[in-house]
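One structure is given here, and the rest of the page talks about it.
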Ligand SMILES: Nc1ncnc2c1ncn2[C@@H]1O[C@H](COP(=O)(O)OP(=O)(O)OP(=O)(O)O)[C@@H](O)[C@H]1O
Ligand SMILES: [Mg+2]
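Residue numbers (the working numbering), protein chains in the order written: chain A, 4 to 348; chain B, 3 to 253.
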């Protein structure tokens, strides 16, 4: 059951609905009345938010890259890969898949962007294989129009000694799910998965992650922060599974959200499912408003209220941005955060 | 000339009457101390003067250089030069102290129609001020007050004050939490700002601070009013005899 299957078969009953536990805050069945026709051809010009960071570009226009809906990339030589999913369609749908391999010892920086216009249904499926000793950084910047429906799912598999660092930054869409499913089947790998969602108007974003530790001594560290205002709705679902025998696993998960208006909403479900004995796992989850005492303090020093609020909000999200190791990507992320928070006042 | 003029000020906090007809004048160039028992309304006065929400003025007036303070937003009062050294300074996660202060300084300058301070100018001033207050410059790169000790927070209040160069200073128990050396350093920092154009209101429980920051006048605040005023000798008398006789006056 998935959006991809529903698109491929035209069968609406394949759409996840709120009756599915993992989709209860991101109902597609109730929203999509018919599978729209296929989107037309789109050939985007080179560019995108990471254009200044060099490397190779692979671009999908309305789901197709060089005429195909799928692509294969094997990392080589350490240059970044800029992976762009561009959409420009009205009342149409498209889907794409991509496989990325990081062979042993390779370091790959994957700069992934979602750039869209119009209203459409889009599905993206990624498979990322990370061999022993390889390191993949994935920075995902999702800038979708208010009327788009997007489901992006990444399946990441790590061998022992591999590492994967990810951050997802999104401003949401009409309905949007960015899901990452990570498996360290034999343990021994290092995973970091962060997220930022900044939502306004009636936008929705769902950041869902599942990490499975199948073997010993793996680590997972997650930090997600969200800011919602107006009637926006943020969803965070984080599940960490530590299977029997996966001793020595260390897992930490934090999700913290700021709700800046009465009508905004955040739904969060952090889950640790632990079947091993000797593990260190912790999670924290907070949802609240800005600290009014801190705002008064800043105003007493001379900052107008909007400046004080923007400063504190940016600092709140900044903790995640600071964790991005790639300097160029960090600068792009910081500028994006400022733009998202600044334009509101 | 009177700089701060408070007349018959009444204020409530959460429907509780805290200030009950408080009258006080601080002329330019003078330092006035306020002493008084716990819960008398000293911090309430400082918040009413700086415009904290939840503190409602129900009567009376407060003017700075003849201008109605109470009609202004907190940041407008700051731009006019009102500075409060908080009894309990707030923590600002994720915002380095230097960034916070530069943002505040430039906001004040903008409100006054002045040019922004340049980055090199600001850093130069920050280094000199940190050195004078014996503050490790590295500490100014950390998130403001987060994880700072009580004394470090107080010292950071004075650092902010020295950087912002306010015209009217309210120090709410800035001495509490300071060790003996820090008390001297902080007092020197405050005294450096004494000038014929500045006024100061120094709230304290301890006469010792007033050995370093010598007040022109000392007032006793009890049950929301000024119940006695005198010269520096009044602080010595309070130290020796306590507030008993003033609490009765107020009752
Ligand atoms: N939010 C509030 N709701 C109700 N009462 C309050 C509130 N805030 C303060 N008060 C009360 O107002 C009174 C005055 O408090 P204030 O903090 O001004 O005293 P203070 O003179 O500064 O005391 P201290 O010397 O202990 O600092 C106290 O009785 C206090 O309990
Ligand atoms: Mg007090």
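Note that the Cβ used here is the ideal one computed from N, Cα and C, for glycine as well.
Bear in mind the structure is a predicted one, so any value in this text is a computation, not a measurement.
Where the beta strand (DSSP E) through residue i begins and ends
{"i": "residue 272 of chain A", "result": "268-277"}
{"i": "residue 29 of chain B", "result": "18-29"}
{"i": "residue 34 of chain A", "result": "Segment: none, residue 34 of chain A is in no beta strand (DSSP E) and carries neither H nor E."}
{"i": "residue 161 of chain A", "result": "152-161"}
{"i": "residue 103 of chain A", "result": "84-105"}
{"i": "residue 228 of chain A", "result": "222-231"}
{"i": "residue 174 of chain B", "result": "170-174"}
{"i": "residue 131 of chain B", "result": "Per DSSP, residue 131 of chain B belongs to no beta strand (DSSP E); it is in the alpha helix (DSSP H), 121-134."}
{"i": "residue 213 of chain B", "result": "Unbroken run through residue 213 of chain B is the alpha helix (DSSP H), 209-214; no beta strand (DSSP E)."}
{"i": "residue 2 of chain A", "result": "Nothing in the structure corresponds to residue 2 of chain A, since chain A is present only between 4 and 348."}
{"i": "residue 74 of chain A", "result": "73-77"}
C-beta atoms of residue i and residue j nearer than 8 Å
{"i": "residue 194 of chain A", "j": "residue 170 of chain A", "result": "no"}
{"i": "residue 234 of chain A", "j": "residue 256 of chain A", "result": "no"}
{"i": "residue 203 of chain A", "j": "residue 178 of chain A", "result": "no"}
{"i": "residue 53 of chain B", "j": "residue 169 of chain B", "result": "no"}
{"i": "residue 72 of chain A", "j": "residue 99 of chain A", "result": "yes"}
{"i": "residue 125 of chain A", "j": "residue 153 of chain A", "result": "yes"}
{"i": "residue 100 of chain B", "j": "residue 166 of chain B", "result": "no"}
{"i": "residue 94 of chain B", "j": "residue 223 of chain B", "result": "no"}
{"i": "residue 206 of chain A", "j": "residue 241 of chain A", "result": "no"}
{"i": "residue 156 of chain B", "j": "residue 176 of chain B", "result": "yes"}
{"i": "residue 236 of chain B", "j": "residue 230 of chain B", "result": "yes"}
{"i": "residue 166 of chain A", "j": "residue 138 of chain A", "result": "yes"}
Helix, strand or coil at residue i according to DSSP, with G and I counted as helix
{"i": "residue 150 of chain B", "result": "coil"}
{"i": "residue 285 of chain A", "result": "strand"}
{"i": "residue 172 of chain A", "result": "strand"}
{"i": "residue 53 of chain A", "result": "coil"}
{"i": "residue 64 of chain A", "result": "strand"}
{"i": "residue 341 of chain A", "result": "helix"}
{"i": "residue 252 of chain B", "result": "The predicted model places residue 252 of chain B with a pLDDT of 46, which falls under 50 and marks its position as unreliable, so this point remains unresolved."}
{"i": "residue 182 of chain B", "result": "helix"}
{"i": "residue 346 of chain A", "result": "Since pLDDT at residue 346 of chain A reaches only 49, below the 50 mark, its modelled position is unreliable, and the value read off the structure follows with that caveat. In this structure, residue 346 of chain A counts as coil in the three-state DSSP scheme."}
{"i": "residue 292 of chain A", "result": "coil"}
{"i": "residue 193 of chain B", "result": "helix"}
{"i": "residue 3 of chain B", "result": "coil"}
Residues near residue i by beta carbon distance below 6 Å, same chain, minus five either side
{"i": "residue 143 of chain A", "result": "115 and 171"}
{"i": "residue 87 of chain A", "result": "51, 62 and 116"}
{"i": "residue 226 of chain B", "result": "20, 21, 22 and 43"}
{"i": "residue 109 of chain B", "result": "none"}
{"i": "residue 246 of chain A", "result": "217 and 278"}
Same chain only: Cβ atoms within 7 Å of residue i, ignoring 5 sequence neighbours per side
{"i": "residue 186 of chain B", "result": "214"}
{"i": "residue 183 of chain A", "result": "157, 159, 169, 196 and 212"}
{"i": "residue 287 of chain A", "result": "257"}
{"i": "residue 66 of chain B", "result": "5, 6, 82, 84 and 170"}
{"i": "residue 136 of chain B", "result": "187"}
{"i": "residue 3 of chain A", "result": "This structure does not reach residue 3 of chain A, given that chain A is present from 4 up to 348, and the question cannot be answered."}
Per-residue contacts from residue i into chain B (C-beta, under 7 Å)
{"i": "residue 303 of chain A", "result": "52, 76, 80 and 86"}
Proximal chain A residues relative to residue i, where beta-carbon distance stays under 9 Å
{"i": "residue 203 of chain B", "result": "Chain A residues near residue 203 of chain B: none, gap ~15 Å exceeds 9 Å."}
{"i": "residue 120 of chain B", "result": "Under the 9 Å cutoff, chain A gives no residues; its nearest Cβ is about 18 Å from residue 120 of chain B."}
First through last residue of the alpha helix (DSSP H) which encompasses residue i
{"i": "residue 90 of chain B", "result": "It is not in any alpha helix (DSSP H) - residue 90 of chain B carries neither H nor E in the DSSP assignment."}
{"i": "residue 112 of chain B", "result": "99-113"}
{"i": "residue 12 of chain A", "result": "6-12"}
{"i": "residue 126 of chain A", "result": "Note, residue 126 of chain A: premise wrong, no alpha helix (DSSP H); beta strand (DSSP E) at 110-133."}
{"i": "residue 327 of chain A", "result": "First-last for residue 327 of chain A: undefined, no H or E at that position."}
{"i": "residue 240 of chain B", "result": "235-243"}
{"i": "residue 35 of chain B", "result": "No alpha helix (DSSP H) contains residue 35 of chain B, which is instead part of the beta strand (DSSP E) from 33-37."}
{"i": "residue 354 of chain A", "result": "Residue 354 of chain A lies beyond the range of chain A shown here (4 to 348); nothing can be said about it."}
{"i": "residue 79 of chain B", "result": "76-81"}
{"i": "residue 48 of chain B", "result": "44-52"}
Residue i: contacting residues in chain A (beta-carbon distance under 7 Å)
{"i": "residue 96 of chain B", "result": "318, 319, 321 and 322"}
{"i": "residue 109 of chain B", "result": "305, 306, 307 and 310"}
{"i": "residue 66 of chain B", "result": "Chain A residues near residue 66 of chain B: none, gap ~14 Å exceeds 7 Å."}
Proximal residues of chain B, C-beta to C-beta of residue i below 9 Å
{"i": "residue 338 of chain A", "result": "Under the 9 Å cutoff, chain B gives no residues; its nearest Cβ is about 17 Å from residue 338 of chain A."}
{"i": "residue 200 of chain A", "result": "Ordered by position in chain B, no residue passes the 9 Å Cβ test against residue 200 of chain A, which lies about 17 Å from the chain."}
Own chain partners of residue i with C-beta closer than 8 Å, once the 5 adjacent residues on each side are dropped
{"i": "residue 282 of chain A", "result": "245, 249, 250, 251, 252, 253 and 254"}
{"i": "residue 269 of chain A", "result": "229, 231, 236, 237, 238, 239, 260, 262 and 290"}
{"i": "residue 57 of chain A", "result": "82 and 83"}
{"i": "residue 25 of chain A", "result": "19, 211 and 240"}
{"i": "residue 114 of chain B", "result": "81"}
{"i": "residue 143 of chain B", "result": "98, 99 and 100"}
Residue i CB to nearest heavy atom of ligand 4 below 7 Å
{"i": "residue 175 of chain B", "result": "For ligand 4, the structure offers nothing, since it holds only ligand 1 and ligand 2."}
Amino acids of chain B, ordered along the chain, whose beta-carbon sits closer than 8 Å to that of residue i
{"i": "residue 297 of chain A", "result": "92, 93 and 94"}
{"i": "residue 117 of chain A", "result": "Simply none; closest approach about 27 Å."}
{"i": "residue 300 of chain A", "result": "88, 91, 92 and 94"}
Chain-ordered chain A contacts of residue i [CB-CB under 8 Å]
{"i": "residue 106 of chain B", "result": "301, 304, 305 and 306"}
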